[in-house]
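At position 520 of the sequence shown (counting the first as 1) the number is 520 in the UniProt record's numbering, and the numbers step up by one without a gap.
We put the CB at the ideal spot given by N, CA and C, even for glycine.
The model shown is predicted, which means the values in this text are computed figures rather than measured ones.
What follows is a single structure, written as structure tokens, with notes after it.
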Amino acid sequence: MPQYDHKAIEAKWKKFWKENKTYQVTEDTTKPKFYALDMFPYPSGAGLHVGHPLGYIASDIVARYKRNKGFNVLHPMGFDSFGLPAEQYAIQTGQHPAITTAENIKRYKEQLENIGFSYDMSREVQTSSPEYYKWTQWIFMQLFNHYYDNNEDKAVPVSILVEKLKTNGSAGVNATCDDDTPQISADDWQQMNEDEQQKYLLHYRLAFLSDAIVNWCPGLGTVLANDEVKDGVSERGGFPVERKKMRQWSLRITAYADRLLKGLETIEWPEAVKEMQKNWIGKSVGAQVTFDLENSDHQIKVFTTRVDTIYGVTFLVLAPESEIIDDIVTAEQKEKVDAYVTEAKNRSERERMTDVKNISGVFTGAHGIHPFTGEKVPVWVADYVLGGYGTGAVMAVPSGDQRDYDFAKHFDLPIVQIIDAQKIEDQADPTKEGKMVNSGFINGLSVTEATKKAIEILEEKGKGFAKINYRMRDAVFSRQRYWGEPIPVYFKNEVPYLINESELPLELPEVDKYLPTEDGEPPLARAENWKTSEGYEYEKSTMPGWAGSSWYLFRYMDPKNENTFADKEILKYWKNVDLYIGGSEHATGHLLYSRFWTKFLKDIGYLTVEEPFKKLVNQGMIQGRSNFAYRVKDSHKFVSYNLKDDYDVSAIHVDVSLVHGNDELDTEAFKSWRPDLKDAEFILEDGKYICGWEVEKMSKSKYNVVNPDDIIEQYGADTLRMYEMFLGPLEQFKPWNTHGIDGVAKFLRKFWKLFYNEEGELIVNDTPADKKALKVTHATIKKTIEDIDSLSFNTVVSAFMICTNELTKMDCHSKEVLEPLVIALSPFAPHICEELWEGLGNSESITKAEFPSYNETYLVEDSHEYPIMINGKMRTKISFSLDTPVSEMEQTVKENEVVQKWLEGKDPKKIIVVPKKIVNVVI
1 MPQYDHKAIE
11 AKWKKFWKEN
21 KTYQVTEDTT
31 KPKFYALDMF
41 PYPSGAGLHV
51 GHPLGYIASD
61 IVARYKRNKG
71 FNVLHPMGFD
81 SFGLPAEQYA
91 IQTGQHPAIT
101 TAENIKRYKE
111 QLENIGFSYD
121 MSREVQTSSP
131 EYYKWTQWIF
141 MQLFNHYYDN
151 NEDKAVPVSI
161 LVEKLKTNGS
171 AGVNATCDDD
181 TPQISADDWQ
191 QMNEDEQQKY
201 LLHYRLAFLS
211 DAIVNWCPGL
221 GTVLANDEVK
231 DGVSERGGFP
241 VERKKMRQWS
251 LRITAYADRL
261 LKGLETIEWP
271 EAVKEMQKNW
281 IGKSVGAQVT
291 FDLENSDHQI
301 KVFTTRVDTI
311 YGVTFLVLAP
321 ESEIIDDIVT
331 AEQKEKVDAY
341 VTEAKNRSER
351 ERMTDVKNIS
361 GVFTGAHGIH
371 PFTGEKVPVW
381 VADYVLGGYG
391 TGAVMAVPSG
401 DQRDYDFAKH
411 FDLPIVQIID
421 AQKIEDQADP
431 TKEGKMVNSG
441 FINGLSVTEA
451 TKKAIEILEE
461 KGKGFAKINY
471 RMRDAVFSRQ
481 RYWGEPIPVY
491 FKNEVPYLIN
501 ESELPLELPE
511 VDKYLPTEDG
521 EPPLARAENW
531 KTSEGYEYEK
541 STMPGWAGSS
551 WYLFRYMDPK
561 NENTFADKEI
571 LKYWKNVDLY
581 IGGSEHATGH
591 LLYSRFWTKF
601 LKDIGYLTVE
611 EPFKKLVNQG
621 MIQGRSNFAY
631 RVKDSHKFVS
641 YNLKDDYDVS
651 AIHVDVSLVH
661 GNDELDTEAF
671 KSWRPDLKDA
681 EFILEDGKYI
691 CGWEVEKMSK
701 SKYNVVNPDD
711 IIEQYGADTL
721 RMYEMFLGPL
731 EQFKPWNTHG
741 IDGVAKFLRK
751 FWKLFYNEEG
761 ELIVNDTPAD
771 KKALKVTHAT
781 IKKTIEDIDS
791 LSFNTVVSAF
801 MICTNELTKM
811 DCHSKEVLEP
821 LVIALSPFAP
831 HICEELWEGL
841 GNSESITKAE
851 FPSYNETYLV
861 EDSHEYPIMI
871 NGKMRTKISF
881 SLDTPVSEME
891 QTVKENEVVQ
901 KWLEGKDPKK
911 IIVVPKKIVN
921 VVI
């Protein structure tokens, strides 16, 4: 092979790896394990662009490196293949989502294979495969059959709960459950029929059916998760989203809130992601307070972290979603309240939380009774209170909370200062508004003491108790879609029951359309005979997209097991993921749910770990480098970049494939690009049309998407892999610039030439390497080890470039330095390194080679090259051993031929030696 031919080399080794199952892994207890995982992709029709493989390349480098370091490496890949995009495409075209999904997966696998990843594809999973979602359904069934016992601080079978209810009723039950769970006796339980008992148990189950406030999107005909809604519209399609109460399946993730918080302290994750999860969980310690309502049997329950300020309450506020509004609103206020509620409920939670300027609300006409003073407190409805947080109601203390204060000022509601009666004169603040109120029970107490005292009084009065609250809500688990996992439930007398495990998987039925029915039911209602053999209807909603992705890491460990989701001994061996790479956008979605499911599976005895991902890295985004042409107004003329200021122009995006070199436009290709450009004329500079450019998000609409297939065709996969790493630190955003890829391609060709001459002859020899070559080699190996361990891949690429340049200058072709360098480079550029490794006479794949170690003795400086300065100007350099006496150095300098020339036969006035720096000769 006379020249480095990337096409032939990469085709050869792709075939070799596949035929020899090079990356297939089995459980080997004689080796330490390492599990490297990427967040698996959703296979869209567009395929991969060069931004997508960034994290995949990084994890592949680590996986290959760990193999060479003697680890048993699990490095799988699969596809998150259920989801809304395929369903929307099916709605538009009538084509079954399974068909388009299979086509997209095939395309993705081809692209991934072309980049040279070391995936064990024998372990591939697809979340839309019945063989996979059988076990997603099975996990749902386990969640349904368990509740959270607070005494044991873990999930426990519902059968144990039933025994407790039979014996002592709910009195002896300390469990996470719905706030409105009725207290019952053993007799109450025994008198219930089966359906009533099953309905009661839904208050406790970890998977349960209840009324929930959800994000309903009429345009998509489904419920959306919070992270699928942006600024009041669906992230996909931009359809309006409204807050609506619907009967939905939910998972009781709130039971795990405290463990989810504590677990963050045990894992190596970016602090920003940890903080996002802490804020999302939102733990608050406080009290629940009950306000009776005047002339009503209803009560308003509020959660507050500052119960010590209760004497400052001047009004109550309900969220627009509150169920009791219709029951308490007066006839005079009903029309205003109904109109306000309708408008407010259609605003997203995010909008309501962030919009502090537009204050709005309406008085219900009802009054609460202050539990301490007995005074009447007006009840308002306002959208700054959220139905999904706390109890959906707040006790407003305008003197202590800014939003309460702004609301009170806007509607001219009372504001009071809470003053310690013993110091009323001293504590009155003339800068604050409102009358002063004596808060008797807190006289002379600290906030902590006053809080404790207030809770004691509330408990005595039966009007409150201490409580820990979480901002996180239980996770809505059902979607009114077709393309998702069927929920393995049927209904008897409107009560949900699980199907038998032997009936799993409950597969998706065929439907005539992928739309809701005319009656608004989910698409599965279109299926013929979507019922059990006894005639009971199956659940018509499907699971959300995150169901399958919450546990996929464990299925990779044992993907072909037909008897369980994974063998317990295999799960015990692989434990969890050592390195997980993916986007931070999943912080409060996938990453949180996956942690929840892992803790649950540990509770029921299948896992030995609490956390799914030990180390998490969020890769940055590779941005597009957009190009622009400048059209002269009202003409077909386009003016080159540096001349555009002389004309009235508008910029249009140009497909980056039409731009070459230093942003030079291929004008003929531009004219052929679109019909409206066929008559284009060009005003050139120096005979060229130069485009402008800008860094933007890579997208088809900006014509700046770069297909990795094109890069691989022109430069090779090894060049692509190394260039993506060379662009900058893994976690940072960086622009793609195809113009810079030549440097990496040239480096690989130069590295090749250390092994082969122009005639294709191997020129590696057994001559011992000199000290300088050994030093640069071992320095490079050391940096490679240190920087891969710290995921600083861009600096490794730079180090290899420097090393190759140095060895080229030395004309070094010694096997002593080239063989270890090939192994060290192979995680980055596996194809070329396999070829060179074989050329060195090795019969086994380089993946089986031991990663080289470095010898510190070669890196210790034993000499220094001194610049020799004569009257302040450097005239030559001389190397001296570090232990050379100064007198000897002075004599050597004096006798040097170059120095003698400048001395012109004279003796120097002075020679100044600065150790390990320079020598100054004064003449």
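Residue j beta carbon less than 9 Å from that of residue i
i, j, result
"W546", "Y482", "no"
"R471", "N279", "yes"
"Y641", "E681", "no"
"R252", "L206", "yes"
"E124", "F79", "yes"
"F751", "I832", "yes"
"I310", "H367", "no"
"K560", "G605", "no"
"Y35", "V73", "yes"
"L607", "L591", "no"
"Y573", "K245", "no"
"G169", "D153", "no"
"N493", "G390", "no"
Assigned exposure category for residue i - 16 Cβ within 10 Å defines buried
i, result
"P53", "buried"
"L762", "exposed"
"A171", "exposed"
"E501", "exposed"
"M874", "exposed"
"L112", "buried"
"Q137", "buried"
"G238", "exposed"
"I281", "buried"
"G219", "exposed"
"D412", "exposed"
"I487", "buried"
"D426", "Note that D426 scores a pLDDT of 44, beneath 50, so its modelled location is shaky; the value from the coordinates is reported in the next line. By the neighbour-count rule (16 or more Cβ atoms within 10 Å), D426 is not buried but exposed."
"L882", "exposed"
"Q732", "exposed"
Chain-order list of residues whose beta-carbon lies under 7 Å from that of residue i (same chain, five-residue window excluded)
i, result
"G55", "D38, I581, G582, Q619"
"K134", "L504, P505"
"F880", "S863, H864, Y866, M889"
"H778", "Y854, N855, Y858, L859"
"K531", "E537, Y538"
"Q480", "G221, T222, V223, P516, P522, S541"
"F363", "Q333, P378, W380"
6 Å Cβ shell around residue i - same chain, five flanking residues per side excluded
i, result
"K274", "L264"
"A382", "V317, G361"
"Q3", "none"
"M801", "F747"
"F613", "V577, Y580"
"V776", "C803, E806"
Proximity test, Cβ basis, 9 Å: residue i and chain B
i, result
"A257", "Of the protein chains in the structure, only one exists, and it is not chain B."
Residue i Cβ short of 8 Å to the ligand SAH heavy atom set
i, result
"Y556", "No copy of the ligand SAH appears in this structure; indeed no ligand is present at all."
Cβ neighbours of residue i in the same chain (closer than 8 Å, five flanking residues each side left out)
i, result
"V511", "Y482, P523, L524, R526, A527"
* Asked: Counting Cβ pairs closer than 8 Å, one from the segment 161 to 171 and one from the segment 508 to 521, do we hit at least three?
  -> no
* Does the count of Cβ pairs from the segment 39 to 51 and the segment 826 to 836 closer than 8 Å reach three? -> no
* So does the segment 84 to 103 actually touch the segment 720 to 740, counting three or more Cβ pairs closer than 8 Å? -> no
* Indicate whether the contact test is met: 3 or more Cβ pairs, each with one atom in the segment 394 to 401 and one in the segment 287 to 306, closer than 8 Å. => yes
* **Entirely enclosed alpha helix (DSSP H) segments - the UniProt domain "Methionyl/Leucyl tRNA synthetase" (40 to 145), minimum 4 residues** => 53 to 68, 84 to 93, 97 to 115, 130 to 144
* Are the segment 134 to 151 and the segment 596 to 609 touching by the rule of at least three beta carbon pairs closer than 8 Å? -> yes
* **the segment 58 to 71 / the segment 100 to 111 touching (three or more Cβ pairs under 8 Å)** => no
* Asked: Do the segment 26 to 33 and the segment 838 to 853 make contact, defined as three or more Cβ pairs closer than 8 Å?
  -> no
* Counting pairs of beta carbons, one from the segment 763 to 770 and one from the segment 803 to 817, are three or more of them closer than 8 Å? -> yes
* Asked: Is the segment 724 to 733 touching the segment 660 to 670, taking contact as three or more C-beta pairs under 8 Å?
  -> no
* **3-residue-minimum beta strand (DSSP E) runs that sit fully inside the segment 341 to 417, ordered along the chain** => 362 to 369, 376 to 381, 393 to 396
* Where are the beta strand (DSSP E) runs, 3 residues long or more, that stay fully inside the segment 441 to 477, in chain order? -> 464 to 470
* 3 or more residues per run - each beta strand (DSSP E) lying fully within the segment 545 to 587 -> 579 to 582
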